[in-house]
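The numbering of the sequence shown is my numbering, which starts it at 351 and goes up by one.
Note that the Cβ used here is the ideal one computed from N, Cα and C, for glycine as well.
Predicted model only: the values in this text are computed from it and were never measured.
Have a look at the structure below, then the notes.
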Amino acid sequence: MDKVQSNQLDMARKIEKRGILEIPIEHRPVYHLSSPVGWMNDPNGFSIYQKDYHLFFQYHPFSNTWGPMHWGHCKSKDLIRWEYLPIAMSPDESYDEGGCYSGSAIEVEGKHVLIYTGVIDQYLEDGLHDYRQVQCMAKGDGLNYYKYKGNPIIMGDSLPEGSSTKDFRDPKIWKEGEHYYLVVGSLSDTNDGQVLLYQSDNLEQWKFLTVLDQSKGKYGKMWECPDFFPLGDKQILLVSPQDMRAKGYEFHNGNNSIFIYGYYDKSVHQFEREKVTSADYGLDFYAPQTLQTADGRRIMIGWMQSWDAKLTNNFLNWSGMMTLPRELVLKEGRIYQSPVQELKKYHKNKIEYIGRKITQTTALEGISGRVIDLQVDITEFDFHHFSIRFAYSEEYEMLLQYNHLRKCLTIDRTYSGLVRDVVCRRKIVVEPYVSKIQGEVLNLRLLLDRYSVEVFVNEGEKVMSSVFHTPMESDGIIFDTDGSACINVIKYDICI
Ligand code: FRU
């Protein structure tokens with residue numbers, strides 16, 4: 351028999367229910383999932399259960415800061431409109447009282463199975479401190495979840511020699527043939543991040559198979575939140591390393607999320623790394639997770655926040671939101687990302703300009719707003735700099751600027767209304783591409799949703815995500831250049 355739910359969970363659910371009602375809907379993003387109340391970090395258990403999309407998340411409903419981790423919960427029919435459900439798990443067992451950390455979910459014989467990391471953080475009778483991370487299971491019906499009585503299901507004794515029992519977390523499960531597999535993040539005693547592969551026939555007993563890949567001093571230290579999936583003719587290992595060092599414009603200091611492209615030989619469980627790129631080049635993106643839809647699309651969702659520059663607006667009673675779910679496609683050896691096609695259903699009030707010359711500071715009638723899908727194609731490049739200022743007013747602005755000489759695109763939130771000295775600028779190198787219809791084009795698609803922007807460049811070749819807390823009245827959009835540019839613009843409001 352599985353465990354019954356605890357008073358602790360009941361309490362947290364009550365506080366959550368009350369808190370949600372107190373937050374005015376206008377204080378939230380419209381089409382991005384935001385924390386119901388209090389703090390949210392990583393997406394967890396992104397899965398399909400009984401035909402609905404379910405998403406759980408790292409959650410501390412009691413304050414706007416990180417605290418003992420619960421699993422918040424919501425579901426959706428189309429990956430855009432999310433319905434909040436009661437908290438799924440609270441840290442109420444001896445093996446997870448330090449927190450129910452990140453994990454994943456899978457549907458098995460009518461049940462929704464959650465696999466997550468329990469943090470053991472306790473003082474023993476002899477006064478010694480016991481801190482460990484172990485892997486645990488819970489099962490539910492899409493609403494209520496019960497922790498497995500045999501927890502933990504994977505403990506430190508299964509780890510390969512020289513692996514930490516303290517940094518061993520974030521299992522991602524899938525089924526292949528007759529077997530279940532999971533990848534889990536781990537730290538070696540040489541301070542290398544690594545991803546471990548486990549196998550099971552029954553979800554209860556797990557066998558360690560192999561170390562799939564390691565940072566080897568190059569890609570940070572602890573590897574958090576691994577995911578492992580085929581895409582086109584490649585196999586992708588997606589991980590979020592801590593403590594990375596910046597490299598050109600590809601990686602930044604601190605926590606990054608990276609795609610490791612490679613080949614996987616299933617018969618011997620060997621992964622061969624080919625190349626590594628960033629998953630997102632903006633200021634706020636971490637701990638992404640993927641699922642495969644019924645029609646075969648690989649969809650990724652990430653936490654749109656950064657650990658080192660946590661931007662929380664004091665007037666909001668929630669902190670933390672997710673990116674829009676993005677479809678991943680392998681094209682010419684690179685992962686392209688695009689907002690899930692379901693977003694199109696919510697496009698309203700189309701405004702379009704074709705072949706508009708820009709030679710000075712220009713506002714285009716009808717092009718403004720904070721909840722919009724804005725596409726700008728630059729088709730003539732007679733300039734050094736071309737800028738789009740959005741969430742713009744006399745006092746505030748978010749800036750996207752293309753330097754044509756250096757082929758460099760910058761996102762800058764310096765004047766977005768920040769009062770903390772946090773990182774404000776990121777750059778990418780990106781070249782116009784040649785389109786059969788338009789000739790040379792630099793394609794920019796900005797998804798704005800009140801307090802965030804996701805910039806998809808060249809049909810998703812690179813993406814930059816950032817949150818900002820500019821007052822809502824700043825909703826202007828201004829184009830500017832030091833030379834002459836020609837642009838095509840399409841704007842939709844997004845109405846949910
Ligand atoms: C990543 C992470 C995970 C962990 C969770 C704790 O952001 O540190 O490794 O499971 O957050 O909230």
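Quiz item: Which term fits V626, buried or exposed, when burial requires 16 or more other beta carbons within 10 angstroms of its beta carbon?
Solution: buried
Quiz item: Distance, Cα to Cα, V791 vs N753?
Solution: 14 Å
Quiz item: Is the Cβ-Cβ distance between K418 and E366 less than 8 Å?
Solution: Before going on, a small fix: residue 418 reads as Pro here, not Lys. Cβ atoms of P418 and E366: not closer than 8 Å.
Quiz prompt | Closest residue to I778 among Y631, S565 and D583 (Cα-Cα distance) | solution = Y631
Quiz item: Helix or strand or just coil, what does DSSP make of R482?
Solution: strand
Exercise. In the DSSP assignment, find the unbroken alpha helix (DSSP H) run with L559 in it and report its ends.
Key: Where L559 is concerned, there is no enclosing alpha helix (DSSP H), although the beta strand (DSSP E) it sits in stretches over K557 to Q564.
Quiz item: Exposed or buried, which one is K427 when buried takes at least 16 other CB atoms within 10 Å?
Solution: exposed
Quiz item: Can you name, in chain order, every residue of its own chain whose Cβ lies under 7 Å from the Cβ of Q500, other than the five neighbours on each side?
Solution: As written in the sequence, residue 500 is Gly, which differs from the Gln given in the question. Closer than 7 Å at the Cβ level, and outside the excluded window around G500, lie E554.
Practice problem: Could you say if the region 689 to 696 and the region 661 to 675 meet the contact criterion of at least three C-beta pairs nearer than 8 Å? | Solution: yes
Quiz item: Beta carbon of C575: closer than 7 Å to some heavy atom of the ligand FRU?
Solution: yes
Quiz item: Does any CB atom of chain B fall closer than 8 Å to the CB of Q549?
Solution: Absent from the structure: chain B. Only one protein chain is present.
Quiz item: Taking 7 Å as the line, does the beta carbon of S452 fall inside it for any heavy atom of the ligand FRU?
Solution: yes
Exercise. Determine the direct distance from the alpha carbon of V545 to that of R482, and round the result to whole angstroms.
Key: 18 Å
Practice problem: Indicate whether Q725 and V839 have their beta-carbon atoms separated by less than 8 Å. | Solution: yes
Self-check item: Spatial neighbours of N603 in its chain, beta-carbon cut-off 7 Å, leaving aside the 5 residues before and after
Solution: M594, R595 and A596
Exercise. Please list, in chain order, all residues of the same chain as G369 whose beta carbon is under 8 Å from its beta carbon, the five residues on each side excluded.
Key: P386, V387, G388, P411 and N667
Self-check item: Rounded C-alpha distance that separates M487 from I837
Solution: 53 Å
Quiz item: What distance in whole Å lies between the Cβ atoms of L559 and L547, which are believed to be in contact at a cut-off of 8 Å?
Solution: 5 Å
Quiz item: Under the criterion of a Cβ to heavy atom distance below 7 Å, does R431 qualify as lining the ligand FRU?
Solution: no
Quiz item: Does the distance from the C-beta atom of V805 to that of I844 stay below 8 Å?
Solution: no
Quiz item: Taking Cβ to Cβ, would you say R800 is nearer than 8 Å to V380?
Solution: yes
Quiz item: Got a sec, what are the start and stop residues for the beta strand (DSSP E) M439 sits in?
Solution: W432 to M439
Quiz item: Of the residues L371, Q400 and Q355, which one's Cα is nearest the Cα of A644?
Solution: Q400
Practice problem: Let me know the secondary structure DSSP gives H377 once reduced to three states. | Solution: helix
Quiz item: Using a Cβ-Cβ cut-off of 7 Å (strictly less than) and excluding sequence neighbours within five positions of K707, which residues of its own chain qualify?
Solution: S834 and C836
Quiz item: Within this structure, are the beta carbons of S607 and F635 separated by less than 8 Å?
Solution: yes
Self-check item: L359 versus T640, I704 and H423, residue with shortest Cα-Cα distance
Solution: H423
Practice problem: Just confirm the distance between the C-beta atoms of S397 and L641, as a whole number of angstroms; I'd bet it's less than 8 Å. | Solution: 6 Å
Quiz prompt | For T457, three-class secondary structure by DSSP | solution = Before going further, note that residue 457 is Glu rather than Thr in the sequence given. In the structure shown, E457 sits in a strand (DSSP, three-state: E or B).
Quiz item: Would you report the Cα separation of N699 and K841, rounded to the nearest angstrom?
Solution: 8 Å
Quiz item: To which residues of the same chain is G719 closer than 8 Å at the C-beta, ignoring the five residues directly before and after it?
Solution: L798, D825, I827, K841 and D843
Practice problem: Can you tell me which of L429, F578, G582 and G512 puts its alpha carbon nearest to the alpha carbon of S590? | Solution: F578
Quiz prompt | Cutoff 6 Å; reference R519; Cβ partners in own chain excluding five residues on either side | solution = Y451, T467, Q483 and G535
Self-check item: Candidates K522, D563 and L661, of which the one nearest N391 by Cα
Solution: L661
Quiz item: T709 to P782, Cα distance in whole Å?
Solution: 19 Å
Practice problem: Provide the residue span of the beta strand (DSSP E) that contains A362, from first to last. | Solution: No beta strand (DSSP E) contains A362, which is instead part of the alpha helix (DSSP H) from N357 to E372.
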